[in-house]
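To keep things clear, I will list the structure first and then write my remarks on it.
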Amino acid sequence: MSEIRYVGVSDRYISLFERQYPVEHGITYNSYVIFGERPVVVDSVDAAFALQWLTNVEKALEGRCPAALVCQHLEPDHSGSLRALLDRYPGMSLIVSSRAASMLPNFLDAEAYAGRLITVGEGDTYDLAGGSGLTFMMTPMVHWPEVMMTYLASEKTLFSADGFGSFGVPEFPQPCWADEAARYYFNIVGKFGPAVQTVLKKASGLDIERILPLHGPQLSGDALAEALRLYDLWSRYEPDREEDVLIAVASIYGNTYEAALELASELGQRARIVDLTKTDVSFAVAEAFRCRDIVLAAASYDGGVFPPMAAFLSRLAAKGWRNRRVAIVENGSWSPCAARAIESTLSTLKGIDIVGTATVTTRLDGESRRAVMALAGAF
Numbered sequence: 001m002s003e004i005r006y007v008g009v010s011d012r013y014i015s016l017f018e019r020q021y022p023v024e025h026g027i028t029y030n031s032y033v034i035f036g037e038r039p040v041v042v043d044s045v046d047a048a049f050a051l052q053w054l055t056n057v058e059k060a061l062e063g064r065c066p067a068a069l070v071c072q073h074l075e076p077d078h079s080g081s082l083r084a085l086l087d088r089y090p091g092m093s094l095i096v097s098s099r100a101a102s103m104l105p106n107f108l109d110a111e112a113y114a115g116r117l118i119t120v121g122e123g124d125t126y127d128l129a130g131g132s133g134l135t136f137m138m139t140p141m142v143h144w145p146e147v148m149m150t151y152l153a154s155e156k157t158l159f160s161a162d163g164f165g166s167f168g169v170p171e172f173p174q175p176c177w178a179d180e181a182a183r184y185y186f187n188i189v190g191k192f193g194p195a196v197q198t199v200l201k202k203a204s205g206l207d208i209e210r211i212l213p214l215h216g217p218q219l220s221g222d223a224l225a226e227a228l229r230l231y232d233l234w235s236r237y238e239p240d241r242e243e244d245v246l247i248a249v250a251s252i253y254g255n256t257y258e259a260a261l262e263l264a265s266e267l268g269q270r271a272r273i274v275d276l277t278k279t280d281v282s283f284a285v286a287e288a289f290r291c292r293d294i295v296l297a298a299a300s301y302d303g304g305v306f307p308p309m310a311a312f313l314s315r316l317a318a319k320g321w322r323n324r325r326v327a328i329v330e331n332g333s334w335s336p337c338a339a340r341a342i343e344s345t346l347s348t349l350k351g352i353d354i355v356g357t358a359t360v361t362t363r364l365d366g367e368s369r370r371a372v373m374a375l376a377g378a379f
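Residue numbers (the numbering used here): 1 to 379.
What follows is the structure, encoded as structure tokens:
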């Protein structure tokens, strides 16, 4: 048996993760020490927290020296403190995937790990002694090419790199795990659904009672079962809220928003309105992936569509959004063209079924109101 001790850190002051995703509740950079006859550290943290992390590791080790540091993912929020630990423990090895070994010089001076690198591939193991060991599972494009996960059979634990990650820190009140995990997944990992499906197939052959991701809480029991269920749906681009209808609206003077409210009233509790002029696009992207049916309501602008809607559609396309039913509400005072611009983007995506379009000419009138309300029947 091997004890696992948490040595990660919480970033409570960050406002934008990766300089783009709002994280009101912060984010964790998770790291662990596995204790056996040969202690192993799993992953480092962002360079800004190197000193705190070193202190956590040293306190956990209680004077012992780690045999190895496993680096599952080279992204700087996880590799930023590798050098600090390598310098602190010159006898410690560094374990990486073969793909990571080729990328490592981009992140770390070669002299820092010269003669200390252990390169592993699919199914390779590392002996912790005492009858316990690590098994490495290659998981490319979840969400970088060099990523691997690590399985500790004696504890039925999978160290899942960025897979199953979430925003938030335990020191702050937490929203529903699924909501922040969905926003993390669809904005960071979601483009690579087939790669996630491959991971799930590999993991199904393992006896897993606990998953330890690089961001967010550990998952076990019912939370683990729910996470696996959702990841299977999400990575197949299937909604987990099939009854909900997202109304994503980009209105300039409020008339298009009024149309969205009318439609929401007709749809009742199924409707979920997101104002693209006020809500960060990462939240809207997660909602679009989680719902089966979507209404895109936007004003015409510069011969196209109002920029907040254009930005939303661009992000959806970049993340591989697909297999959804879409209705369009366009608004224009003299030559409505938003629908044409929206349809142009949607035509590049897989499995998009446009079920109806309604046109508003500035303000809702009897005819345009009926056209908007009729869209509810398409879902």
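The beta-carbon is built from N, C-alpha and C at its ideal position, and this holds for glycine as well.
Inset, instruction - Kindly indicate which residue of L69, T256 and S335 has the alpha-carbon position closest to the one of T150. - result: What you label residue 150 is simply residue 150 of the sequence shown in a count that begins at 1. Closest option to T150, Cα to Cα, is L69.
Inset, instruction - Quick one: give me the first and last residue of the alpha helix (DSSP H) that D179 is part of. - result: Stepping through the sequence shown from its first residue, residue 179 is reached at position 179. W177 to Y184 is the span of the alpha helix (DSSP H), which, as asked, contains D179.
Inset, instruction - Quickly, what does DSSP pair E330 with across the bridge? List them, please. - result: As a working note, residue 330 is residue 330 in the sequence shown. Per DSSP, A298 and T359.
Inset, instruction - Kindly indicate which three-state DSSP category P39 falls into: helix, strand or coil? - result: Translated into the one-based positions of the sequence shown, residue 39 becomes position 39. Note: P39 maps to coil in three-state DSSP.
Legend entry - For W64, the first and last residue of its enclosing alpha helix (DSSP H): Along the sequence shown, one-based indexing puts residue 64 at 64. At residue 64 the sequence reads Arg, which differs from the Trp that was named. Segment: none, R64 is in no alpha helix (DSSP H) and carries neither H nor E.
Legend entry - Beta-bridge partners of P22, as assigned by DSSP: The residue you call residue 22 lines up with position 22 of the sequence shown. According to DSSP, which records beta bridges pairwise, P22 is partnered with L16.
Inset, instruction - Run through the segment 255-303 for me and flag every whole alpha helix (DSSP H) of 4 or more residues, listed as ranges in chain order. - result: 255-267 and 281-290
Inset, instruction - Could you name the residues of the same chain whose beta carbon sits closer than 7 Å to that of V83, not counting the 5 residues immediately before and after it, in chain order? - result: If you number the sequence shown from 1, residue 83 lands on position 83. The sequence given here has Arg at residue 83, not Val. Same-chain partners within the cutoff: L108 and A112.
Inset, instruction - Taking only the alpha-carbon atoms, compute the straight-line gap between L85 and K59 and give it to the nearest angstrom. - result: Taking the sequence shown and counting its residues from 1, one reaches residue 85 at position 85. Taking the sequence shown and counting its residues from 1, one reaches residue 59 at position 59. Looking at the two C-alpha atoms, the distance is approximately 13 Å.
Legend entry - Start-to-end residues for the alpha helix (DSSP H) that takes in T345: Start at 1 with the first residue of the sequence shown, and residue 345 comes out as number 345. Looking at the DSSP string, the run of the alpha helix (DSSP H) that includes T345 is A338 to L346.
Inset, instruction - State whether the segment 32-40 contacts the segment 112-122, with contact taken as three or more CB pairs (one from each stretch) at a distance under 8 Å. - result: no
Inset, instruction - In angstroms with no decimal places, state the Cα-to-Cα distance between M141 and S160. - result: Along the sequence shown, read from residue 1 onward, the residue named residue 141 stands at position 141. Along the sequence shown, read from residue 1 onward, the residue named residue 160 stands at position 160. The alpha-carbon atoms of M141 and S160 are separated by roughly 13 Å.
Inset, instruction - Assign E258 to buried or exposed, taking buried as 16 or more other Cβ atoms, counted over all protein chains shown, within 10 Å of its Cβ. - result: Within the sequence shown, the letter at position 258 stands for residue 258. When all chains shown are included, E258 counts as buried.
Legend entry - Which listed residue (L214, D232, H215 and D207) has its alpha carbon closest to that of G221: Residue numbering aside, residue 221 sits at position 221 when the sequence shown is read from its first letter. It is D207 whose Cα lies nearest to the Cα of G221.
Inset, instruction - Could you tell me which of I352, V329, A341 and K350 sits nearest to T361, measuring between CA atoms? - result: Here residue 361 is taken as the residue at index 361 of the sequence shown, counted from 1. Minimum Cα distance to T361 is reached at V329.
Legend entry - Secondary structure of E155, DSSP reduced to three states: The residue given as residue 155 occupies position 155 in the sequence shown. E155 falls in the helix class under three-state DSSP.
Legend entry - Alpha-carbon to alpha-carbon, P90 and E209: As a working note, residue 209 is residue 209 in the sequence shown. As a working note, residue 90 is residue 90 in the sequence shown. Near 34 Å, if we compare the C-alpha coordinates of P90 and E209.
Legend entry - Validate contact between the segment 36-55 and the segment 16-26 using beta carbons, cut 8 Å, 3 pairs: no
Inset, instruction - Any chance you could list the beta strand (DSSP E) runs of at least 3 consecutive residues sitting entirely within the segment 51-94, in chain order? - result: 68-70
Legend entry - Which of helix, strand or coil DSSP assigns to V305: Mapped onto the sequence shown, residue 305 falls at position 305. Three-state result, V305: strand.
Legend entry - Closest Cα partner of D124 within the set F136, F167 and L117: Along the sequence shown, read from residue 1 onward, the residue named residue 124 stands at position 124. Out of F136, F167 and L117, F136 has the C-alpha closest to the C-alpha of D124.
Legend entry - Where S160 sits in the DSSP three-state scheme: Working through the sequence shown from its first residue, we reach residue 160 at position 160. Reduced to three states, the DSSP call for S160 is coil.
Inset, instruction - Take the Cβ of T55 as the centre, count every other Cβ of all protein chains shown within 10 Å, and call the residue buried at 16 or more, exposed below. - result: Translated into positions along the sequence shown, residue 55 becomes position 55. T55 comes out exposed.
Inset, instruction - Label P170 either buried or exposed according to how many other C-beta atoms from any shown protein chain fall within 10 Å of its C-beta, with 16 as the threshold for buried. - result: The sequence position of residue 170 within the sequence shown is 170, counting from 1. Looking at its Cβ environment, which holds fewer than 16 other Cβ atoms inside 10 Å, P170 is exposed.
Inset, instruction - To the nearest angstrom, report how far apart A250 and L296 are at their CA atoms. - result: By 1-based counting over the sequence shown, the position of residue 250 is 250. By 1-based counting over the sequence shown, the position of residue 296 is 296. Roughly 8 Å between the two C-alpha positions.
Legend entry - Alpha-carbon to alpha-carbon, G8 and V45: Here the question's residue 45 lines up with position 45 in the sequence shown. Here the question's residue 8 lines up with position 8 in the sequence shown. One C-alpha to the other measures close to 7 Å.
Legend entry - Opening and closing residue of the alpha helix (DSSP H) in which E367 lies: Translated into the one-based positions of the sequence shown, residue 367 becomes position 367. E367 -> alpha helix (DSSP H) spans G366 to A374.
Inset, instruction - Would you check if the segment 279-291 and the segment 255-269 touch, i.e. whether three or more CB-CB distances between them fall below 8 Å? - result: no
Legend entry - Cβ-Cβ distance between R64 and P39 below 8 Å: Along the sequence shown, one-based indexing puts residue 64 at 64. Along the sequence shown, one-based indexing puts residue 39 at 39. Against a cut-off of 8 Å, the Cβ pair of P39 and R64 comes out as a contact.
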